[in-house]
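A.B. asks: Letter by letter, the sequence shown follows residues 23 to 184 in the working numbering.
Input: one structure, supplied below.
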Amino acid sequence: MSVPSIRTYCAADLPEIAAIWNEVVSSGNAFPQEEPLTVAEAERFFAAQSRTSVACLDGHVAGVAILHPNNVGRCGHIANASYAVSSRFRGRGIGEALVRDCLQNGHSYGFRVLQFNAVVSTNTAAIRLYEKLGFVRLGTIPGGFRDKNGDYLDIYPYYHLL
């Protein structure tokens with residue numbers, strides 16, 4: 023099996039990463055966003071992040087990750103990140119490679135902690151990955167996520183020291 027390579031995104035990646043991001047948004051079971059990004063919106067959105075990375079596999083962009091401050095000022099040293107993997111490439115280590123990239127590079131952006139605010143309880147693949155990589159679950163927020171069917175699901179905040 024091929025190993026994904028990770029690099030900083032470039033403008034040519036925008037149509038592919040917007041499509042990957044929008045696939046997760048439209049699934050309605052992981053990201054808080056409800057509306058897809060146009061390519062123009064994606065250009066602004068991904069450029070505004072501290073780091074936007076893409077995972078490439080077999081000559082294709084297979085996933086995207088964003089890393090940015092979780093808050094401002096006295097809490098600005100805590101990062102937040104989001105990951106989207108194309109359904110065509112799931113189960114091939116793309117998500118893990120993207121998470122490891124953020125863990126390895128977070129310090130260079132001044133971050134000391136990586137936090138996920140809202141891991142949906144039904145996202146078992148992400149939960150397994152985060153726990154495998156040493157993230158600590160902080161608890162449960164009952165009904166913290168409304169899925170596309172209108173059901174309220176629990177969310178789990180996780181963190182990892184960098």
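The beta-carbon is built from N, C-alpha and C at its ideal position, and this holds for glycine as well.
Computed from a predicted model, the values in this text were never measured in an experiment.
What distance in whole Å lies between the Cβ atoms of Gly95 and Asp169, which are believed to be in contact at a cut-off of 8 Å?
C.D. replies: Taking the sequence shown and counting its residues from 1, the one referred to as residue 169 is at position 147. Taking the sequence shown and counting its residues from 1, the one referred to as residue 95 is at position 73. At roughly 33 Å, the Cβ-Cβ gap does not stay under 8 Å, so Asp169 and Gly95 are not in contact.
A.B. asks: Give me the residue from Gly81, Ala101, Ile177, Ala70 with the minimum Cα distance to Thr144.
C.D. replies: Reading the sequence shown from its first residue, position 122 is the one you call residue 144. Thr144 has its Cα closest to that of Ile177, out of Gly81, Ala101, Ile177, Ala70.
A.B. asks: Would Asn141 pass as a contact of Ala148 if the rule is Cβ separation under 8 Å?
C.D. replies: The sequence position of residue 141 within the sequence shown is 119, counting from 1. The sequence position of residue 148 within the sequence shown is 126, counting from 1. The sequence as given places Val at residue 141; Asn does not occur at that position. Going by C-beta atoms, Val141 is nearer than 8 Å to Ala148.
A.B. asks: So, His90 versus Arg134, is the Cβ gap smaller than 8 Å?
C.D. replies: Against the sequence shown, residue 90 aligns to sequence position 68. Against the sequence shown, residue 134 aligns to sequence position 112. No.
A.B. asks: Could you tell me the distance, in whole angstroms, from the CA atom of Ile163 to the CA atom of Leu155?
C.D. replies: Along the sequence shown, read from residue 1 onward, the residue named residue 163 stands at position 141. Along the sequence shown, read from residue 1 onward, the residue named residue 155 stands at position 133. About 22 Å.
A.B. asks: Counting Cβ pairs closer than 8 Å, one from the stretch 32 to 40 and one from the stretch 65 to 76, do we hit at least three?
C.D. replies: Yes: the two stretches touch, three or more of their Cβ pairs being nearer than 8 Å.
A.B. asks: What residue range does the beta strand (DSSP E) around Ala87 cover?
C.D. replies: Residue 87 sits at position 65 when you count from the first residue of the sequence shown. 82 to 91 is the span of the beta strand (DSSP E), which, as asked, contains Ala87.
A.B. asks: Mark Leu120 as exposed unless 16 or more other C-beta atoms lie within 10 angstroms of its C-beta, in which case mark it buried.
C.D. replies: Position 98 of the sequence shown, counted from the start, is the residue given in the question as residue 120. Buried is the call here.
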